[in-house]
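Worksheet: the structure to be examined is printed underneath.
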Amino acid sequence: MRPGAHWKLVLQTILLALVSPGSRVKHAAMRPDGHMDASPTRALLLAFGHPVVDQYLACRVRAAQIASIARLTPLTVFANVVNVVVVLPVLAQALPFAYVIAWVVAAMSLMALTTIKWFLSSRSPIELASHRALNAAVRHATFLSLLWAVVPVAAFMSGNVNAIWIASCVTTGMICGGGFALATVPQAAFRWVAILYAATVVALVIDQSVMMWPLLVLLTSYTFVVIGSTTAAGWLFASHFLAEAELEKNGDLIALLLNEFEETSSDWIWETSSTGNFRNVSDRFLHASGRTRPELHSMRMVDLAYSLDSEDARAQVAGLEEAISLQKSFREIVIGLAVNGDERWWSIAARPVYDDHGSFTGYRGVASDITEARRAEKLVTHLAEHDSLTGIGNRSWFLNQAEDLLAEQVKGGQNTLTLFLIDLDNFKVVNDTSGHPAGDELLRQVADRFTAISEGRTSLARFGGDEFAALGRFVSDQAASAFAEELVNVARKPFRIGNRDFAIGATVGFTRLRGAGDTVDDLMRNADIALYKAKESGRGRALAFESAMEREVRERRELEADLREAFEFGKLSVEFQPIVNARSGKVISSEVLVRWFHPTRGEVTPDTFLPIAEHAGLILPLGNWVLRKACAAAAQCPDLESVAVNLSAVQFMDPNLVSQITTVLDETGFPPERLVLEITESVFLRDSGAAPEKLKKLRNLGIKISLDDFGTGYSSLSYLRKYKFDKIKIDKTFVDEIGERSDGLAIISAVIALAHNLGLEVTAEGVERRFQVDALRTLGCDTLQGYFFGKPSANPMHIMQAASEDWDAQEQEPVPDGDDDTQKASAAVSAN
Ligand code: C2E
Ligand code: CA
Ligand code: CA
Numbered sequence: 001m002r003p004g005a006h007w008k009l010v011l012q013t014i015l016l017a018l019v020s021p022g023s024r025v026k027h028a029a030m031r032p033d034g035h036m037d038a039s040p041t042r043a044l045l046l047a048f049g050h051p052v053v054d055q056y057l058a059c060r061v062r063a064a065q066i067a068s069i070a071r072l073t074p075l076t077v078f079a080n081v082v083n084v085v086v087v088l089p090v091l092a093q094a095l096p097f098a099y100v101i102a103w104v105v106a107a108m109s110l111m112a113l114t115t116i117k118w119f120l121s122s123r124s125p126i127e128l129a130s131h132r133a134l135n136a137a138v139r140h141a142t143f144l145s146l147l148w149a150v151v152p153v154a155a156f157m158s159g160n161v162n163a164i165w166i167a168s169c170v171t172t173g174m175i176c177g178g179g180f181a182l183a184t185v186p187q188a189a190f191r192w193v194a195i196l197y198a199a200t201v202v203a204l205v206i207d208q209s210v211m212m213w214p215l216l217v218l219l220t221s222y223t224f225v226v227i228g229s230t231t232a233a234g235w236l237f238a239s240h241f242l243a244e245a246e247l248e249k250n251g252d253l254i255a256l257l258l259n260e261f262e263e264t265s266s267d268w269i270w271e272t273s274s275t276g277n278f279r280n281v282s283d284r285f286l287h288a289s290g291r292t293r294p295e296l297h298s299m300r301m302v303d304l305a306y307s308l309d310s311e312d313a314r315a316q317v318a319g320l321e322e323a324i325s326l327q328k329s330f331r332e333i334v335i336g337l338a339v340n341g342d343e344r345w346w347s348i349a350a351r352p353v354y355d356d357h358g359s360f361t362g363y364r365g366v367a368s369d370i371t372e373a374r375r376a377e378k379l380v381t382h383l384a385e386h387d388s389l390t391g392i393g394n395r396s397w398f399l400n401q402a403e404d405l406l407a408e409q410v411k412g413g414q415n416t417l418t419l420f421l422i423d424l425d426n427f428k429v430v431n432d433t434s435g436h437p438a439g440d441e442l443l444r445q446v447a448d449r450f451t452a453i454s455e456g457r458t459s460l461a462r463f464g465g466d467e468f469a470a471l472g473r474f475v476s477d478q479a480a481s482a483f484a485e486e487l488v489n490v491a492r493k494p495f496r497i498g499n500r501d502f503a504i505g506a507t508v509g510f511t512r513l514r515g516a517g518d519t520v521d522d523l524m525r526n527a528d529i530a531l532y533k534a535k536e537s538g539r540g541r542a543l544a545f546e547s548a549m550e551r552e553v554r555e556r557r558e559l560e561a562d563l564r565e566a567f568e569f570g571k572l573s574v575e576f577q578p579i580v581n582a583r584s585g586k587v588i589s590s591e592v593l594v595r596w597f598h599p600t601r602g603e604v605t606p607d608t609f610l611p612i613a614e615h616a617g618l619i620l621p622l623g624n625w626v627l628r629k630a631c632a633a634a635a636q637c638p639d640l641e642s643v644a645v646n647l648s649a650v651q652f653m654d655p656n657l658v659s660q661i662t663t664v665l666d667e668t669g670f671p672p673e674r675l676v677l678e679i680t681e682s683v684f685l686r687d688s689g690a691a692p693e694k695l696k697k698l699r700n701l702g703i704k705i706s707l708d709d710f711g712t713g714y715s716s717l718s719y720l721r722k723y724k725f726d727k728i729k730i731d732k733t734f735v736d737e738i739g740e741r742s743d744g745l746a747i748i749s750a751v752i753a754l755a756h757n758l759g760l761e762v763t764a765e766g767v768e769r770r771f772q773v774d775a776l777r778t779l780g781c782d783t784l785q786g787y788f789f790g791k792p793s794a795n796p797m798h799i800m801q802a803a804s805e806d807w808d809a810q811e812q813e814p815v816p817d818g819d820d821d822t823q824k825a826s827a828a829v830s831a832n
């Protein structure tokens with residue numbers, strides 16, 4: 001209560017209430033709509049009848065004010081009657097008899113009227129009162145006080161000491177008693193007090209015999225105390241009333257909001273008794289739970305949570321049970337439950353409720369059905385974590401799993417974690433020969449087989465293309481190795497797609513966690529190194545990572561840097577190896593071979609550094625450079641019919657290949673008819689469909705295409721039919737078998753016959769010995785190449801002369817072990 005802070009307003013109000021009860025104070029706190037901001041002031045103004053609240057509330061306040069005075073009516077009537085009786089002798093002495101009668105009649109009829117009013121109102125209490133009703137009450141009090149004002153004036157006029165004594169006591173009592181009785185209607189109380197005070201002052205002034213000043217001071221001070229107290233009581237009364245109204249209004253608002261909430265949102269309120277059973281079940285709750293009200297009344301939230309028999313539905317039930325058993329509040333607990341046989345998910349929150357005595361009466365909270373949101377979320381996570389083609393995990397999911405498992409192992413001081421990388425062999429062949437739908441189907445079947453053996457042992461994922469990965473705990477190297485072998489074996493069995501069987505296979509590289517220092521990146525890199533080595537040493541097998549491999553990889557990286565530098569600084573060179581006509585013995589062509597002399601390692605073979613160049617993205621400029629060198633050199637040797645240049649698969653896949661070659665031919669002035677390009681089968685394994693078109697373009701330019709290393713890949717014959725070539729080069733391994741294996745010659749003979757049948761020219765590579773030359777010539781081989789005729793040499797002119805000169809001599813002169821070789825050759829040819 002701080003009406004003191006608004007003393008000006010209080011004073012103003014009081015004065016106005018005394019002078020003119022109907023008028024109103026203007027105050028800044030009062031808004032144009034009659035509402036006040038500051039509630040203490042508001043209560044005060046309300047007590048004095050100012051319209052600071054809405055009409056309805058004002059009516060109710062007035063009714064309450066009147067009712068609170070009315071409640072005291074029996075007491076006030078009794079006090080008045082007693083006082084009338086007591087003051088009668090005083091009045092009888094001081095006033096003429098008729099006046100006394102008139103006074104008594106007036107006082108008593110007022111009492112009678114008051115009693116009747118009270119009697120009526122107590123039978124039907126009023127709830128609303130108009131301004132007029134309140135003014136009537138004020139008038140009533142004013143009139144009564146005027147009656148009592150007669151008493152002191154009459155007594156003091158009479159001068160009788162006894163009368164003065166009685167009148168003084170009665171008036172003082174009246175000021176105090178009436179003031180307090182009328183406190184809830186300050187306007188009335190003020191009038192009452194003011195009138196009696198004024199009458200007493202008049203009386204004191206009339207009778208000069210009494211000590212006027214001390215009595216006046218006393219009277220004034222009492223009056224002030226009564227006025228102050230009355231103001232406070234009136235203010236308190238209005239404050240309570242306002243607070244109550246506010247509460248009531250808020251209560252209505254809450255109820256309104258709750259209704260709204262229940263009707264519009266997907267959430268609902270739930271409540272339990274102290275035993276945990278649901279109570280006051282709303283319609284929405286009923287609907288959401290799919291149960292009947294009596295059913296719910298006999299259930300608890302955990303009973304609902306246990307209605308769905310699935311593991312993740314119960315994941316948070318333990319938390320719920322614990323919170324409930326400790327009577328703690330909880331939020332965002334997700335439970336799964338069965339609703340009419342359907343799986344639904346609710347997010348629930350609640351707090352415990354206590355009664356006035358502080359004892360627990362149950363829970364009250366909200367629940368929302370989050371099933372749809374959860375489904376959508378699950379779908380999104382599934383899409384983000386799974387490979388859409390095979391349904392198994394994808395790379396990012398796999399790496400997350402790996403991080404989690406690794407953290408777990410590090411924490412538990414274990415190192416059983418093993419990572420497998422799996423590459424399918426020959427997958428491309430299926431894709432190429434039977435189309436992408438078949439390829440997709442194959443990947444699905446592979447995933448199914450891997451899943452079947454991984455179940456419960458490893459997490460499986462597809463990284464894209466034909467790469468898979470698995471991750472699991474294996475107690476020993478043997479166990480890990482056995483699983484890797486299983487992966488290889490399961491992929492080895494043929495796959496049936498449509499009505500065809502496909503034999504593919506898989507190569508696996510794997511690594512086990514070595515120590516706490518290993519990261520997922522380390523595992524991935526090591527498994528990749530092992531996979532690389534496994535592929536290198538002939539696919540279709542599993543290989544565990546070893547530290548030595550790492551060294552190799554490091555060296556490889558160093559070599560890569562060196563190669564880049566060597567190429568940039570022009571440290572590479574080319575050599576020419578003669579290819580001779582098998583009939584005339586003349587050098588008719590030359591194969592160009594790239595060379596790298598490393599400052600510390602010495603000669604590095606192309607077989608070593610070319611894969612590195614491919615990996616480092618150097619092969620295109622390097623190949624172009626070789627081609628330019630070859631064409632430029634061959635252009636200077638008009639006797640050389642052609643020059644053969646090797647093309648790696650990566651070069652062949654370059655979409656700009658044809659234009660690059662034509663540019664080089666144009667710039668060097670070398671005719672395309674004299675260029676032979678040697679390609680191997682690896683080109684077709686990597687081809688995505690452009691190869692036949694490219695071959696056709698090159699051949700249309702007049703360039704010849706030679707299939708190198710013929711016989712080393714297993715599907716060579718099918719490629720011969722599918723793609724158009726000009727030549728084939730029989731690999732050195734077959735030439736080596738002449739005279740060593742009984743069927744060596746038979747194979748070469750068959751290949752030559754087949755090639756000729758297809759209109760292809762045949763070159764034999766790696767011819768080192770005389771009997772090989774003889775045998776190959778006898779079998780009708782067209783051209784020969786090998787150390788027998790000359791090693792690769794830096795000078796193209798030199799190789800031409802040397803080989804041409806030597807040919808006839810070699811045929812006549814027996815070479816040192818010539819006898820043996822001649823016998824071997826003739827034996828081989830006659831055996832054929
Ligand atoms: P290739 O095309 O089969 O080349 C023939 C390889 O056999 C060459 O090895 C050659 O030096 C070697 N050789 C020739 N005659 C004999 C012989 O009588 N006995 C023995 N033991 N070997 C003989 P090199 O130069 O080490 O090349 C290896 C492979 O590197 C080549 O095999 C070719 O595929 C590739 N290569 C070489 N130079 C280039 C090039 O400039 N570009 C591309 N893309 N590949 C090249
Ligand atoms: Ca070659
Ligand atoms: Ca070759």
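Residues in the sequence shown are numbered consecutively from 1, following our numbering.
No residue lacks a Cβ here, since even glycine has one placed at the ideal position from N, Cα and C.
Going by DSSP in three states, residue i sits in which element: helix, strand or coil?
i              : result
lysine 791     : coil
histidine 386  : strand
threonine 220  : helix
asparagine 646 : strand
valine 226     : helix
tryptophan 420 : The sequence shown places phenylalanine at residue 420, not tryptophan. Note: phenylalanine 420 maps to strand in three-state DSSP.
alanine 461    : strand
valine 53      : coil
proline 796    : helix
glutamine 785  : strand
proline 352    : strand
serine 342     : At residue 342 the sequence reads aspartate, which differs from the serine that was named. Three-state result, aspartate 342: strand.
threonine 231  : helix
alanine 825    : Because alanine 825 carries a pLDDT of 48, less than 50, the predicted location of this residue cannot be relied on, and no value is offered for it.
histidine 357  : coil
alanine 315    : coil
alanine 544    : strand
leucine 308    : coil
If I follow the unbroken alpha helix (DSSP H) through residue i, where does it start and stop?
i             : result
serine 368    : It is not in any alpha helix (DSSP H) - serine 368 instead sits in the beta strand (DSSP E) that spans 360–369.
histidine 287 : 283–289
lysine 428    : 427–434
arginine 628  : 619–635
What residue range does the beta strand (DSSP E) around residue i cover?
i                 : result
leucine 572       : 572–581
glycine 509       : 506–512
phenylalanine 502 : 500–502
alanine 764       : 761–764
glutamate 591     : 587–598
glutamate 603     : 602–604
isoleucine 392    : Careful: isoleucine 392 lies outside any beta strand (DSSP E) and carries neither H nor E.
Pull up the DSSP beta-bridge partners for residue i, would you.
i             : result
glutamate 467 : Asp423, Gly464
glutamate 678 : Asn646, Ser706
glutamate 271 : Arg279, Arg364
ask   = Who's in the neighbourhood of ligand 2, going by beta-carbon under 7 Å from any heavy atom, listed in chain order?
value = Glu591, Ala644, Asn646, Glu678, Asp708, Lys729
The stretch 688–702 in contact with the stretch 741–758 per 3-pair CB rule at 8 Å = no
ask   = Does the stretch 74–94 come within contact of the stretch 106–122, defined as at least 3 CB pairs closer than 8 Å?
value = yes
request  = Count the CB pairs spanning the stretch 141–160 and the stretch 199–215 that are closer than 8 Å, and state whether there are at least three.
outcome  = yes
task = Check whether the stretch 632–652 touches the stretch 664–684, counting contact only when three or more Cβ pairs, one atom from each stretch, lie closer than 8 Å.
result = yes
ask   = Can we say the stretch 550–561 touches the stretch 445–458, given the rule of at least three CB pairs closer than 8 Å?
value = no
ask   = How about the stretch 681–690 and the stretch 420–434: do they share at least three Cβ pairs that are nearer than 8 Å?
value = yes
inquiry  = I'd like to know if the stretch 381–400 and the stretch 460–472 are in contact, where contact means that at least 3 CB-CB pairs between them fall below 8 Å.
reply    = yes
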